[in-house]
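Below is one structure, written out as structure tokens; the observations come after it.
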Amino acid sequence: MISKNVSSYLPSLIKKRGADPICAYLYDIKHLKNHARQLRESLPSYCSMFYAVKANPDKNIILALEGCVDGFDTASEGELVKVMDLTGKPIIFGAPAKKDRELKYLSKGKLHAMNIESERDLHRLNRLGSVTGEKLPVLIRVNSTYQVERSSHKMTGVPTQFGIEEERIPSLLNGLSGYPYLEVRGFHFHAMSNNLNARDHLDFIQFCREKVMDWKTLFSLPAISILNAGGGIGLNYGEREQPFEWETFTKGLHEMEALFQQNGIQLILELGRYMVGGSGYYVAEVMDIKENHGEHFALIRGGSHHLRLPAAWKMTHPHTIYPVDEWYDEPLPRPEVRGEYVTVAGELCTPNDLLIRKSYVEKLRAGDLVVFSMAGAYGWTISHHDFLSHPQPEFHYL
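Each residue of the sequence shown is one higher than the last, beginning at 146 in the numbering used here.
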């Protein structure tokens with residue numbers, strides 16, 4: 146599925162083709178803004194929507210979202226500095242291995258809060274606060290016992306490097322007096338990635354709310370006012386007709402409103418993939434078509450060094466074949482395949498460089514374009530750009 150904005154732009158992209166094959170990222174900024182506004186407007190008043198910058202740190206994406214979100218979630222100094230340069234919105238910082246220079250942004254008053262990922266984080270930040278003489282705002286990241294079984298990646302409920310395990314939290318809270326320069330404002334629970342079930346997500350948030358209230362009451366913590374449930378809401382790359390049911394999710398959040406408000410708790414959602422993924426497209430020209438051992442292959446200009454996700458997840462990425470009738474390489478014959486299952490591979494010298502696996506095509510020719518949709522999140526920036534030193538794609542913002 147290609148947006149109208151992108152469809153109307155593709156002819157001009159083809160027309161501008163020079164000696165080099167087409168290879169480009171297209172970001173539908175108009176679609177992104179509309180989508181983000183709709184998400185924000187559907188949330189109840191006790192919810193804040195932050196953008197998880199790791200999903201796509203492109204400055205044009207950040208600028209587009211500045212007026213649509215309540216803040217930004219960052220996980221490195223690079224992300225933090227970029228967001229600070231582009232926007233004045235609140236920033237949360239969370240990472241499992243923080244450098245000293247990253248901690249100092251908290252003491253300079255640049256952050257809404259920083260996540261505590263370990264007892265060592267407690268000691269380091271308390272020491273930093275003692276130097277400045279000010280209490281530093283922090284959230285304790287909890288590695289809970291709760292698992293969202295149907296998510297693609299689990300961050301909690303299993304052994305991972307993230308947060309402090311739930312069983313240790315009572316002991317930590319009982320000893321907070323030993324950290325006088327920390328102001329614990331709440332808790333951060335990020336448990337999953339690419340969850341597609343709205344009810345599972347609501348159940349997880351309800352679990353988190355009950356935990357926060359138990360700890361707030363048991364340990365007399367009146368300053369606790371934030372429950373950061375992280376992100377993890379996903380895109381269905383395999384079955385686009387069965388997306389995450391956002392309406393079901395927000396309906397459930399509205400039903401929880403009285404509970405959150407009477408307890409004075411702000412719920413923060415850090416959306417990344419679900420916010421920006423659908424607004425990005427990776428467009429690659431077919432260079433050649435061949436058959437080996439009974440299987441058909443299409444070779445594109447580009448590959449997993451530009452869009453790593455399908456190779457990493459060993460999946461067929463959502464795509465559309467965009468026919469280009471003009472053949473740029475006349476009078477040479479134009480390779481094509483009709484009515485066959487085709488595997489689309491990139492230009493790298495590895496059999497792992499696959500973006501589409503045995504997908505049926507009516508007709509595919511060298512010179513046609515493969516338009517990969519849902520490429521706006523965890524696309525370009527998670528890919529291994531320098532492998533084989535191929536040229537980078539172009540970037541267009543519509």
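Virtual Cβ for every residue (Gly too), placed ideally from N, Cα, C.
Cα-Cα separation, Ala125 to Lys503:
There is simply no residue 125 to check, as the chain begins at 146 and stops at 543 in what is shown.
Specify, as a first and last residue, the run of the alpha helix (DSSP H) that Ile349 falls within.
The sequence given here has Phe at residue 349, not Ile. Looking at the DSSP string, the run of the alpha helix (DSSP H) that includes Phe349 is 343 to 363.
Could you work out which residue in Asn288, Lys280, Ala240, Tyr291 is closest to Asp266 when comparing CA atoms only?
Nearest C-alpha to Asp266: Ala240.
Answer with buried or exposed for Thr219, where buried requires no fewer than 16 other C-beta atoms within 10 angstroms of its C-beta.
buried
For Val469, collect the residues of the same chain with a Cβ closer than 7 Å to its Cβ; drop the 5 residues on either side in sequence, then sort them by chain order.
Cβ within range, chain order: Ile159, Gly512, Asp513, Leu514.
Give the single residue among Arg272, Val357, Asn288, Ser338 whose Cα lies nearest to the Cα of Tyr324.
Taking only the C-alpha atoms, the option nearest Tyr324 is Arg272.
Can you tell me where the alpha helix (DSSP H) holding Lys175 begins and where it ends?
174 to 187
Kindly provide the ranges of any alpha helix (DSSP H) runs that are 4 or more residues long and lie completely inside the stretch 225 to 301, ordered along the chain.
245 to 252, 264 to 277
Return helix, strand or coil for Met420, following the three-state DSSP convention.
helix
Specify the secondary structure class of Leu499 as computed by DSSP and reduced to three states.
strand
Indicate the three-state DSSP secondary structure (helix, strand or coil) for Arg397 in the structure shown.
Note that residue 397 corresponds to Gly in the displayed sequence, not to Arg. In the structure shown, Gly397 sits in a helix (DSSP, three-state: H, G or I).
Leu543: first and last residue of the uninterrupted alpha helix (DSSP H) it sits in
Run containing Leu543: none; DSSP gives neither H nor E here.
Measuring CB atoms only, is the stretch 452 to 472 touching the stretch 399 to 415, in the sense that at least three cross pairs come out at less than 8 Å?
no
Looking at C-alpha atoms only, which residue of Leu533, Trp525, Phe532, Ser534 is the closest neighbour of Leu171?
Trp525
At least three beta-carbon pairs within less than 8 Å, the stretch 493 to 503 to the stretch 399 to 408
Short answer: they don't touch.
Here's the rule: buried if 16 or more other CB atoms are within 10 angstroms of the residue's CB, otherwise exposed. What is Trp360?
buried
In three-state DSSP terms, what is Ile371?
strand
Across the stretch 228 to 237 and the stretch 199 to 211, are there enough close Cβ pairs to call them in contact, namely three or more that are closer than 8 Å?
yes
Report yes if the CB atom of Leu500 is closer than 8 Å to the CB atom of Ser534, and no otherwise.
no
Anticipated Cβ contact below 8 Å, Ala522 with Gly422, distance rounded
Cβ atoms of Ala522 and Gly422 come within 8 Å of each other, at about 4 Å.
By DSSP, does Arg483 sit in helix, in strand, or in coil?
Assigned with DSSP and collapsed to three states, Arg483 falls in strand.
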